[in-house]
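Colleague: For reference, the structure I am asking about is given below.
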Amino acid sequence: MAEMLVETPQEVVKFLKAQHDLINDMFDDVLHASDHKARETAFHDLRQLLAVHETAEEMLIHPRVRREVAAGDEIADARLREEHDAKKLLSSIEKGRGPRTDEAAPRRGVGNVELCRWTIRVAARPRP
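Mapping of the sequence shown onto the UniProt record's numbering: residues 1 to 128, in sequence order.
This is how it looks when you write it as structure tokens:
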């Protein structure tokens, strides 16, 4: 992702939305890696970006939603729960055998990386 100077709240939102696209692309990198080592490297890079991205949302976006949006507390709390679920899943992938794309996951019949991608998409989906 190209460097971007972020100075206004609108630029923060634009930057974080652009990161959502990058995160989606990085999931593709993990899912389509040519071998185990490439998959591990791609997953590590993805995990680092997700950690930074979620921290930025927790520090900048959620407090503003709480202050400025009707039912902001409920909305922010719901996003935090979804993000917590995604973090737990990422952690379980790291503690296990690493990112799998070819084994069945307990839900939805997909590999654990695809399940994680789905969980993060739910957390990042646009809200009314």
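Idealized CB from N, CA, C, for every residue including glycine.
Please list, in chain order, all residues of the same chain as SER34 whose beta carbon is under 8 Å from its beta carbon, the five residues on each side excluded.
Modeller: Here residue 34 refers to the residue found at position 34 when the sequence shown is read from its first residue. Result list for SER34: empty, nothing under 8 Å.
Colleague: In whole angstroms, give me the CA-to-CA distance for LEU49 and VAL65.
Modeller: If you number the sequence shown from 1, residue 49 lands on position 49. If you number the sequence shown from 1, residue 65 lands on position 65. The straight-line gap from Cα to Cα measures roughly 22 Å.
Colleague: Where CYS116 and LEU89 are concerned, what is the direct C-alpha to C-alpha distance, given to the nearest angstrom?
Modeller: Looking up residue 116 in the sequence shown gives position 116. Looking up residue 89 in the sequence shown gives position 89. When rounded, the distance between both Cα atoms is 6 Å.
Colleague: Taking contact to mean at least 3 C-beta pairs separated by less than 8 Å, is the stretch 29-44 in contact with the stretch 66-76?
Modeller: The stretch 29-44 vs the stretch 66-76: no contact.
Colleague: Distance, Cα to Cα, VAL113 vs ALA86?
Modeller: Here the question's residue 113 lines up with position 113 in the sequence shown. Here the question's residue 86 lines up with position 86 in the sequence shown. Distance between the alpha carbons of VAL113 and ALA86: 11 Å.
Colleague: Taking GLN10 as the reference, which of GLU54, LEU46 and LEU60 has the closest Cα?
Modeller: The residue you call residue 10 lines up with position 10 of the sequence shown. Closest by alpha carbon: LEU60.
Colleague: What whole-angstrom Cβ distance do ARG47 and GLU94 have, given they're in contact under 8 Å?
Modeller: On the sequence shown, position 47 is the one that residue 47 refers to. On the sequence shown, position 94 is the one that residue 94 refers to. About 7 Å; that satisfies the 8 Å criterion.
Colleague: Just the C-alpha distance for HIS32 and GLU57, rounded to the nearest angstrom, thanks.
Modeller: Here residue 32 refers to the residue found at position 32 when the sequence shown is read from its first residue. Here residue 57 refers to the residue found at position 57 when the sequence shown is read from its first residue. In a straight line, the C-alpha of HIS32 is about 28 Å away from that of GLU57.
Colleague: With a threshold of 16 other CB atoms inside 10 Å of the CB of VAL30, please say whether the residue is buried or exposed.
Modeller: On the sequence shown, residue 30 is found 30 positions in, with the first residue counted as 1. Classification for VAL30: buried.
Colleague: Output the distance between the C-alpha atoms of HIS53 and HIS36, rounded to the nearest integer angstrom.
Modeller: Numbered from its first residue, the sequence shown carries residue 53 at position 53. Numbered from its first residue, the sequence shown carries residue 36 at position 36. When rounded, the distance between both Cα atoms is 25 Å.
Colleague: In the structure shown, what three-state DSSP assignment does VAL113 receive?
Modeller: By 1-based counting over the sequence shown, the position of residue 113 is 113. Helix at VAL113.
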